[in-house]
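Below you'll find the structure, written out as structure tokens, and then a few comments.
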Amino acid sequence: MDFEKIAKQLAHPSGAFGIEVALGMNKMNKFISKTTYELLQVSNADRVLEIGPGNGKFIKDILNSGNNIYYTGIDISETMIAEAKKINDNLIKAGYVDLILTDVEKMPFLEEAFNKICTANTIYFWQNPSAVLKEVYRTLTKDGLFVISFRPYIKGQSLDFSEYGFTEYKSEDVEAIIHQTEFKIIEKREQIESPIEFNGQIHNLTSQYYLLQKNYC
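This is how it looks when you write it as structure tokens:
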């Protein structure tokens with residue numbers, strides 16, 4: 001596939017090609033998504049929000065973490081919401097999954113609606129990261145947990161998407177954004193992922209994970 005053509009779809013997959021790109025994203029994001037879910041420590045009766053679930057292939061992994069878990073996924077892509085609804089049709093009908101087309105800066109949820117919130121590989125596309133984190137803060141419970149995961153920019157190692165609408169962040173950039181909010185970092189992890197093939201090349205990527213809670217100090 002053409003690298004530019006793929007890159008332009010990642011922020012907002014659309015149409016038949018967007019569906020195809022999403023299948024590739026599942027392979028690319030399997031490690032970072034599953035690690036994010038593990039760190040989220042989902043358990044019985046949790047109310048989980050995921051920002052940017054793509055085609056929703058991994059939603060079942062969250063629900064398998066316990067009993068009576070209620071999951072909400074939001075995305076700006078109509079194509080991804082439609083695909084996620086197809087893949088998770090039974091879970092939606094059972095009342096455990098809700099998928100909503102919306103902007104993360106203006107989420108249609110009450111305050112403290114969720115006690116677990118996560119997002120993997122979406123920060124690059126946020127127009128106003130501080131506004132997004134403020135909205136996440138509003139919808140997270142007082143004792144809730146927010147996990148934000150991304151692949152930091154490392155010269156010579158990172159995939160270069162900067163020309164295609166991505167904002168590439170170094171670790172210190174993300175920490176600076178977090179420190180401008182009322183969140184506190186309770187843990188930071190870094191992982192070297194298994195080799196990934198993309199655009200005909202093998203990449204050994206690094207992913208980072210920030211575990212955040214509300215700061216009441």
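Everything in the sequence shown is counted per the UniProt record's numbering, starting at 1 for the first residue and increasing by one.
Glycine residues also receive a C-beta, built at the ideal position from the N, C-alpha and C atoms.
It should be emphasised that the depicted structure is a prediction, and the values quoted were computed from it without experimental measurement.
For phenylalanine 166, the closest alpha carbon among the candidates His203, Phe150, Gln180, Ile177 is that of Phe150.
DSSP, read as helix, strand or coil, puts arginine 47 in strand. According to the DSSP assignment, tyrosine 124 belongs to no beta strand (DSSP E), since it is labelled neither H nor E. Excluding sequence positions up to five before and after isoleucine 148, its CB lies within less than 6 Å of the CB of Thr119, Tyr210, all in the same chain and listed in chain order. A straight-line Cα-Cα distance of about 22 Å links threonine 122 and threonine 141. DSSP lists Cys118, Leu211 as the beta-bridge partner residues of valine 147. Nearest Cα to glutamate 112 within the set Gly95, Met80, Leu145: Leu145. For lysine 184, same chain residues with a beta-carbon under 8 Å away, outside a window of 5 residues either side, are Leu212, Gln213, Lys214, Asn215, Cys217 in chain order. One Cα belongs to isoleucine 92, the other to threonine 72, and the distance between them is close to 10 Å. In this model, glutamate 175 and lysine 60 are separated by some 30 Å (Cα to Cα).
Boundaries of the beta strand (DSSP E) harbouring leucine 99: 97-101, taken from the DSSP string.
Short of 6 Å from the beta carbon of leucine 99, and not among the five residues preceding or following it, lie these beta carbons of its own chain, in chain order: Gly73, Ile81, Ala84, Lys85. Per the coordinates, the alpha-carbon of leucine 110 lies some 26 Å from the alpha-carbon of threonine 79. According to the DSSP assignment, threonine 72 belongs to the beta strand (DSSP E) that extends over 70-75. Short of 7 Å from the beta carbon of glutamine 180, and not among the five residues preceding or following it, lie these beta carbons of its own chain, in chain order: Ser130. Per the DSSP secondary-structure output, leucine 140 pairs in a beta bridge with Phe114. Looking at Gln41, Glu105, Tyr137, Ser33, the one whose alpha-carbon comes closest to that of phenylalanine 125 is Glu105.
Residue environment for glutamate 182: exposed (fewer than 16 other C-beta atoms within 10 angstroms of its C-beta). The continuous alpha helix (DSSP H) containing isoleucine 81 extends over residues 78-87.
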